[in-house]
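Chains as they are written, first to last, in the working numbering: chain A, 6 to 448; chain B, 2 to 294.
Every residue, glycine too, gets a C-beta built ideally from N, C-alpha and C.
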Amino acid sequence: MAILVALMSALIWGSGQLMNKQYGKSLFFFLIQVLMIGIELGTGLLPLILGHVPPHARNGGLFTRGIWGAVTLGTIPRESAAVTVFDHSTMLLLTGLIAISILLGFFVFWQWNIRDAYKTRKHIMQGNEIESSRSYTKRVLHDSFEYIAMAPGLAFVTIFSLIPIFFAFLVAFTSYDMNNIPPRHLVDWVGFHNFRQVVTLAQVRTTLIGVAIWTVIWAFASTILAFIVGFLQAVMINSKVVRYPKLWRGLYILPWAIPGLVTMMLFRNFFVTTGVINAILMNIGIISEPIVFFASTAWSRAVLLIVQTWMAFAWWMVLITGVMTTLNPETYEAASIDGANAFQQFYKLTVPTIISAIAPLFIMGVAGNFNNFGIVYFITGGGPTNPNFFFAGNTDLLLTWVFSLTFDQRMYNLASVMSTFIFFAIAGVSAWNLTRTRAFKED
Amino acid sequence: MKRKKAFSLSRTLAWLGVHLNLVIMAIIVVYPVMWMVLAALSPTRGTPGAVMSDMWLGVIPIPSGLTLDNFRRLFTDHNYGLWYRNSLIIAVLNTVGTVLVHTFMGFVFARLQFRGRKAGLLTIMVLNMFPSFLAMVAIYTIFLTFGWLNNIYALALLYIGGGIPGTMWLMRGYMLNIPKSLDEAAYIDGATKMQLFTKVIFPLSKPIIAFVGFNAFMGPWMDYIFPRLLLRSGENFTIAIGLMSLADHNSASWDITAFTAGALIIAVPFGILFFVFQKYFALGIAAGANKGE
């Protein structure tokens, strides 16, 4: 009997509740179903039935057309401007994802409606009194406060984060590239073809490996260099011979206070061939011909390291200074009584304390530099170009390479395959890292 | 009474070494900044190298004369006023949206228990790690589908939405440190969850809200990639795109002195705000590091 009620609710939302004599609840669920069907009819089927077919509704309303579009990616390309009814494959994929997201939202209500009908009927059959719709509403509103409160945020995250990521992921399985730009051409599903290409094309493979190696080297080298410079400045400013530590520290914070984008644009102009550095060196007389910094791999990489250190060392300096204020002077007294000299105190006490306090931030710094898109994009642009690479240069990071594959070469599908690799690498490591931490387990 | 310290060679050497390092470092740090300021005031036009030839000894950034012409040209030859207005609109909208939406999200995930919380946290955490512009083609398609291209208000929406994972994480990190006993006390006094937020948690989170709001205000000024992709016509450009057109040596409008002038107009208030908000930065770092240690 309870199963029957649940089945009724599954077909006509709220009908099970009606059989349970819960009229308020019944109406609520029924109206949600009406809303869902109303959206579908209003956006497509209704005009179709009435005999007026707007081009956008050729295949039904929001939901049917959405799913149809995501599955087929369209059937009519816009071969010439004269074609007025056509399909735009990527837009179809996107609207499909949106339609599915909305349907998932309705699905939550649908399964709630079935479960509620079933449970209530069971309850009645056991001879219990049924809860009035009013008290039920009050209880549900209180219990689902979190979900209602999160709804706006959730909508934002869905549209601007979740759907784009799913879309980017799905593009890896399509033929979306410079030869298939909608709406002139249609895009098709091609399965794992692009993944096979990345693995089998020797040039793509060597580029992926080469760029990945430089990305890792860069992530560590840039972080370590900024850390060491910041560390040395912090230690020196803290030493007893320095009279006005606050003055020096205030001065060194300057690079931190300037917007990074401005810094990077400025430094690009320092190192271009007609730039400031060449002018200085020539005016002093060290060189007679300008150095073409960005034509040389070694120079380009050195410039990136210099600029990154310039921008980031102050951050480390401030952090390390903070840690050093927590060092206990009594420990040092004890150490010197035991006969440790200044160097030993520094090496055995100061360094380990700082490293253990800074380690988590250091890892964050490495992760940040791994994805430090801006500095490469604005300073070297990934160059100098490596002819053996697949549209990549010798300073390209994984991210900048994917970016230029996307926007310069328009190989959307291959770029998506790379993004997928990067995403799984990053997400895997960080999710594993998070679940390991104590706080998450306690949650 | 302590005896005055006698002259010590090693001490003097240490003093010299340390100060030599400090002075060299200070020059490295200050030179580019000073160069930027004085190039902005310099009457010379042309390549950065040409601007140098006008400076003292061709090295030290003291130009032969000072002028405000570069600042004037920003408004007469370039659209600086428009860029500024667009950036300001986006920044204000982003700040308001961030403080309203993100704070609440942080509260829900920090103080309330509900089904799906752990899955939600994990999702947000993973989203946080995903560089948003890897999904840029998708975002472009969204803007295309909804007819939002070339619309600064839609761009502001994108910033609000895209910022949720990161900011929410910071807010949550901070709110986790507010004692749980306050919640219990509030509930005993008959507070609803909403009142717990408005009367207890929100007031106690003001420092992190200030930090997050500051970041939300600052971010859009210097974001280049998204505006470049999503804004089409010159009248909708933001400061970052405008400055890039002046700073890029491949661009037809390469104008380094105008760039430095335009950069200064932004960098000076940024710098001042930076020093005002400095105490909050350590806080932001701490809340960010509170990922679970």
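- Using a Cβ-Cβ cut-off of 8 Å, residue 151 of chain A counts as an interface residue toward chain B, since at least one Cβ of chain B sits closer than that to its own.
- By the CB criterion at 8 Å, residue 322 of chain A and residue 235 of chain A fall inside the cutoff.
- Boundaries of the alpha helix (DSSP H) around residue 140 of chain B: 137 to 147.
- Counted as a single uninterrupted DSSP element, the alpha helix (DSSP H) harbouring residue 365 of chain A occupies residues 356 to 375.
- In the DSSP assignment, residue 208 of chain B falls within the unbroken alpha helix (DSSP H) covering 207 to 219.
- Judged by DSSP secondary structure, residue 325 of chain A falls within the alpha helix (DSSP H) whose first and last residues are 302 to 330.
- Contact check for residue 44 of chain A against residue 67 of chain A passes: the beta carbons are separated by less than 8 Å.
- Proximity of residue 166 of chain B to chain A, defined by a Cβ-Cβ separation below 8 Å, is satisfied.
- Beta-bridge partners of residue 398 of chain A (DSSP): A:390.
- Setting aside the 5 residues that flank it on each side, residue 273 of chain A is surrounded in the same chain by 383 and 384, each with a C-beta closer than 7 Å to its C-beta; the list follows chain order.
- Leaving aside the five residues that flank residue 215 of chain A on each side, the residues in its chain whose CB is nearer than 7 Å to its CB run, in chain order, 394.
- Using a Cβ-Cβ cut-off of 8 Å, residue 191 of chain B does not count as an interface residue toward chain A, since no Cβ of chain A sits closer than that to its own.
- Look at the beta carbons and you see the region 120 to 128 of chain B not touching the region 181 to 196 of chain B: under three pairs across the two are nearer than 8 Å.
- Under the three-state reduction of DSSP output, residue 62 of chain B falls in the strand class.
- By the CB criterion at 8 Å, residue 96 of chain B and residue 211 of chain B fall outside the cutoff.
- Counting only Cβ-Cβ distances below 7 Å, residue 28 of chain A has no contacts in chain B at all, with the closest Cβ about 28 Å away.
- Counted as a single uninterrupted DSSP element, the stretch harbouring residue 68 of chain B is not any alpha helix (DSSP H), since DSSP gives it neither H nor E.
- Under the 10 Å beta carbon count, residue 129 of chain B is surrounded by 16 or more other beta carbons and is classified as buried.
- At a cut-off of 8 Å between beta-carbon atoms, residue 355 of chain A makes no contact with chain B.
- Residue 265 of chain A places its beta carbon less than 8 Å from that of residue 379 of chain A.
- Every alpha helix (DSSP H) of 4 residues or more that sits fully in the region 118 to 203 of chain B is shown, in chain order, as 118 to 130, 137 to 147, 153 to 176 and 182 to 189.
- Across the set B:250, B:40, B:206 and B:253, the C-alpha of B:206 shows the shortest separation from the C-alpha of residue 175 of chain B.
- The beta carbons of residue 319 of chain A and residue 253 of chain A sit about 11 Å from each other, so the pair does not count as a contact at 8 Å.
- In the DSSP assignment, no residue is bridged to residue 96 of chain A.
- A:114 is the residue among A:114, A:352 and A:93 whose C-alpha sits nearest the C-alpha of residue 34 of chain A.
- Any Cβ of chain A closer than 8 Å to the Cβ of residue 242 of chain B would place that residue at the interface, and such an atom is absent.
- Assignment of beta-bridge partners to residue 194 of chain A by DSSP yields A:179.
- When DSSP states are grouped into helix, strand and coil, residue 57 of chain B belongs to the strand group.
- Under a 10 Å Cβ-count criterion, residue 148 of chain A is classified as exposed, with fewer than 16 other Cβ atoms of the shown protein chains found around its own Cβ.
- Residue range 207 to 243 is occupied by the alpha helix (DSSP H) that includes residue 227 of chain A.
- Contact of residue 48 of chain B with chain A by beta-carbon distance below 7 Å involves 279.
- Inclusion of residue 231 of chain B and residue 150 of chain B in the CB contact set at 8 Å is warranted, their separation being smaller than that value.
- Boundaries of the alpha helix (DSSP H) harbouring residue 260 of chain A: 259 to 262, taken from the DSSP string.
- Between the beta-carbon of residue 174 of chain A and that of residue 425 of chain A there is about 6 Å, and that keeps the pair under the 8 Å contact cut.
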